[in-house]
């Protein structure tokens with residue numbers, strides 16, 4: 001697969017009035033249009049989809065049709081060619097609608113974060129024991145008399 005080629009999914013709605021032979025011819029015409037524009041069908045196995053026409057009821061009418069034949073085709077093609085491919089296929093009279101989408105590579109699902117704490121399961125939980133807090137005993141100093149304070153102050157100032 002060329003590096004510039006990307007994987008696309010082409011979804012088409014065909015007229016429900018087509019017979020199986022006519023729808024097969026239309027699918028072959030679409031495949032030819034893709035290969036003419038340098039597209040290819042050699043895809044990795046993750047993108048392979050079995051191409052089968054299924055008849056589906058539409059939620060709203062498209063070109064006055066209530067039902068349509070529905071097909072998905074996966075292919076690779078250069079990005080410049082996609083617009084031309086879709087326009088050419090959409091111009092067919094039996095194609096009700098055509099849409100090409102870019103298939104994105106599926107990202108691996110993120111793993112749940114491992115718990116950074118190592119927990120152990122315990123059979124029995126013991127209650128917490130409260131410790132008795134002993135109140136602090138405050139020792140009261142004898143109150144100093146004002147006269148004694150005055151004496152000490154005078155001694156300090158006289159020095």
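In the numbering used here, the protein residues as written are 1 to 159. Every residue gets a Cβ at the ideal spot worked out from N, C-alpha and C, and that includes glycine. Being a predicted model, the structure only gives us computed values, none of them experimental.
Going along the chain, which residues of its own chain have a beta-carbon closer than 8 Å to the beta-carbon of residue i, five neighbours each way excluded?
| i | result |
| --- | --- |
| residue 18 | 26, 69, 94 |
Based on DSSP bridge pairs, tell me the residues matched to residue i.
| i | result |
| --- | --- |
| residue 9 | 74, 101 |
| residue 40 | 76 |
| residue 65 | 62 |
| residue 55 | 69 |
On a CA-only basis, which of the options is nearest residue i? Give me that one, please.
| i | options | result |
| --- | --- | --- |
| residue 20 | 109, 71, 122 | 71 |
| residue 66 | 10, 14, 133 | 14 |
| residue 83 | 158, 10, 64 | 10 |
| residue 102 | 109, 81, 96 | 81 |
| residue 62 | 142, 124, 96 | 96 |
| residue 35 | 121, 111, 73 | 73 |
Hey, could you find the ends of the beta strand (DSSP E) residue i is sitting in?
| i | result |
| --- | --- |
| residue 17 | Careful: residue 17 lies outside any beta strand (DSSP E) and carries neither H nor E. |
How is the alpha helix (DSSP H) around residue i delimited, first residue to last?
| i | result |
| --- | --- |
| residue 154 | 146-158 |
Residues in the same chain with beta-carbon distance under 7 Å from residue i, minus the five sequence neighbours each way, listed in chain order, please.
| i | result |
| --- | --- |
| residue 135 | none |
| residue 40 | 75, 76 |
| residue 78 | 4, 5, 38 |
Excluding sequence positions up to five away, which residues of its chain have a Cβ less than 6 Å from the Cβ of residue i?
| i | result |
| --- | --- |
| residue 86 | 98, 100 |
Margin query: Check whether the stretch 51-58 and the stretch 83-92 are in contact - that is, three or more C-beta pairs closer than 8 Å.
Written below: no
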